[in-house]
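Chains as they are written, first to last, in this note's numbering: chain U, 4 to 146; chain S, -7 to 246. Don't be surprised by glycine CBs; every beta carbon is placed ideally from N, CA and C. Nothing here was measured: the structure is a model prediction, and the numbers come from that model. What follows is a single structure, written as C-alpha cells, with notes after it.
Structure (C-alpha cells):
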C-alpha cells in the first residue's frame, strides 16, 4: 500500500485537531455556564455524563485538558521534522489512551453516553492513526 | 583510468552510505521509542481502569438508578436540600429517614409526579429534612446527604440512596456505600464531602431537624409539612396517602 505524502497527513491532522478544539471548547463553555452540552440526538446522556463526578479532575473540567491536547496537536501538524512527528504521535497516543478510559467510564460506570464525548473520542482515534502513520512512515527521514 | 574512476566513486559513496546507515539507525531507535510508548499507554489505561474499579472504597458502578435520578431532577435548581425555584410560593418539607422503606416508596412513586407537576414549574419547593428514627446508621446517612447538599447534589444523593437502600440497620451504611452513592450522585469534590459529613455543624443539623419533626408531632416517616400564603407558618400534614392528597395540600397552601 502506498504511503500518503507527509504533507497530506499533516493537513488531515490539522483539520481533525482544529475540529477537536471546537468540540472540547463547546463542552467547556457549556459546563462553565452551569449547564451541560446539549445532546443533538436528544436524551439525557450528555447531562448525566457532565454531572457525574468523573467530568472533573481536581476541579477542572476534563474538556479543558482536551483543548490543550488538541491545540498541541495543531502545533505539531504545522511543524516539520522528527521532533514534531514524535510529539504528535506521543500526544495523540496519550489522548487516544485517555479517550479509551473515558469511554469505559461512560459505558460501565456512568451508564450514559454523551455524543460530544464520543465525537471527541472518534477525532482523537483518527488523530492517533494519522500521527502514527506519519511517525512510522517518515521519522528519521528528511523533513 | 577506469579503475581510478571506480575508486573515486567508491570513496564518494562511502560517506553517503554511512549517512544512510546513521539515518536508518536513528529511525529504528525512534520507532523503538514509539513502540515502548504504545506499550506504556496500554499499561497506563489498564491500570486506570483497574484503579477506578476499586477506587475510594466506593464503587459507583454498583449504584443503581443514577440515570433515572438525573432525569427526574435535571435542570431543577437546588440549594442545600431544597429543590426548586427559590421564588416558589409554596414550600413543601419532607421529614424522612434515608433508611426508611416507606420513604423509599414515596421517593419512587409519589414524589416524581409532584416534582414534575409542581416543583419543575416553579409553583413549589421541596425540601428534605432528616428525621432519623430508624437507627444509628440513619445519622451518618443523613449527614452525608446534608454534606452533598453543600455541593449542590443533595437531592441526587437522597434519591440515589433510596434507590439503593438496604435492610434497616443491617450494617450496609458503610463509608464505601456512602462514597459510591456520592460518586453516583455526582458530588464534585468527594474529599471535601468526606470532611463535611464529619463536620459537627452538619451532624448537629441532622439532630436539629429530627427534634423539629418531633416538635411538629410527627411519629413516623415520611411526614410532610407545607408553608405558603394559605397557611399559618409551617403546617404539618402528616403522611399524605396519595399523589393527589399531596398536590391538594400544595394547592390549599397557595
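Kindly indicate which residue of the options has the alpha-carbon position closest to the one of residue i.
{"i": "residue 79(S)", "options": "60(S), 63(S), 112(S) and 90(S)", "result": "112(S)"}
{"i": "residue 148(S)", "options": "17(S), 119(S), 236(S) and 161(S)", "result": "119(S)"}
{"i": "residue 244(S)", "options": "83(S), 104(S), 18(S) and 30(S)", "result": "83(S)"}
{"i": "residue 94(U)", "options": "104(U), 143(U) and 135(U)", "result": "135(U)"}
{"i": "residue 110(U)", "options": "59(S), 116(S) and 64(S)", "result": "59(S)"}
{"i": "residue 122(U)", "options": "66(U), 7(U), 34(U) and 12(U)", "result": "66(U)"}
{"i": "residue 23(U)", "options": "131(U), 146(U), 142(U) and 140(U)", "result": "131(U)"}
{"i": "residue 161(S)", "options": "191(S), 124(S), 185(S) and 196(S)", "result": "124(S)"}
{"i": "residue 71(U)", "options": "27(U), 138(U), 18(U) and 137(U)", "result": "27(U)"}
Any idea which residues DSSP pairs residue i with across the strands?
{"i": "residue 214(S)", "result": "Answer is none; residue 214(S) lacks a bridge partner."}
{"i": "residue 121(S)", "result": "87(S)"}
{"i": "residue 230(S)", "result": "216(S)"}
{"i": "residue 116(S)", "result": "82(S)"}
{"i": "residue 102(S)", "result": "Bridge partners of residue 102(S): none, in fact."}
{"i": "residue 75(S)", "result": "70(S) and 118(S)"}
{"i": "residue 60(U)", "result": "63(U)"}
Assign residue i to one of three DSSP states: helix, strand, or coil.
{"i": "residue 219(S)", "result": "strand"}
{"i": "residue 63(S)", "result": "helix"}
{"i": "residue 70(S)", "result": "strand"}
{"i": "residue 142(U)", "result": "coil"}
{"i": "residue 186(S)", "result": "helix"}
{"i": "residue 4(U)", "result": "coil"}
{"i": "residue 104(U)", "result": "helix"}
{"i": "residue 123(U)", "result": "helix"}
{"i": "residue 127(S)", "result": "coil"}
{"i": "residue 145(S)", "result": "coil"}
Is residue i near residue j, with beta carbons less than 8 Å apart?
{"i": "residue 145(S)", "j": "residue 177(S)", "result": "yes"}
{"i": "residue 131(S)", "j": "residue 92(S)", "result": "no"}
{"i": "residue 118(U)", "j": "residue 66(S)", "result": "no"}
{"i": "residue 198(S)", "j": "residue 138(S)", "result": "yes"}
{"i": "residue 80(U)", "j": "residue 20(U)", "result": "yes"}
{"i": "residue 237(S)", "j": "residue 228(S)", "result": "no"}
{"i": "residue 120(U)", "j": "residue 41(U)", "result": "no"}
{"i": "residue 92(U)", "j": "residue 128(U)", "result": "no"}
Please classify residue i: is it buried, with 16 or more other beta-carbons within 10 angstroms of its beta-carbon, or exposed?
{"i": "residue 4(U)", "result": "exposed"}
{"i": "residue 20(S)", "result": "exposed"}
{"i": "residue 206(S)", "result": "exposed"}
{"i": "residue 200(S)", "result": "exposed"}
{"i": "residue 82(U)", "result": "exposed"}
{"i": "residue 188(S)", "result": "buried"}
{"i": "residue 170(S)", "result": "buried"}
{"i": "residue 10(S)", "result": "exposed"}
{"i": "residue 32(U)", "result": "exposed"}
{"i": "residue 214(S)", "result": "buried"}
{"i": "residue 50(S)", "result": "Here residue 50(S) scores only 46 on pLDDT, less than 50, and its place in the model should not be relied on; the value that follows carries that caveat. The residue is buried, with at least 16 neighbouring Cβ atoms inside 10 Å."}
{"i": "residue 4(S)", "result": "exposed"}
{"i": "residue 11(U)", "result": "exposed"}
{"i": "residue 34(S)", "result": "exposed"}
{"i": "residue 163(S)", "result": "exposed"}
{"i": "residue 117(S)", "result": "buried"}
{"i": "residue 110(S)", "result": "buried"}
Can a CB atom of chain B be found closer than 8 Å to the CB of residue i?
{"i": "residue 103(U)", "result": "Although the question refers to chain B, the structure presented lacks it and instead comprises the protein chains U and S."}
Measuring only from the beta carbon, is residue i closer than 7 Å to any heavy atom that is part of the ligand COA?
{"i": "residue 117(S)", "result": "The model on display carries no ligand, and the ligand COA is accordingly not part of it."}
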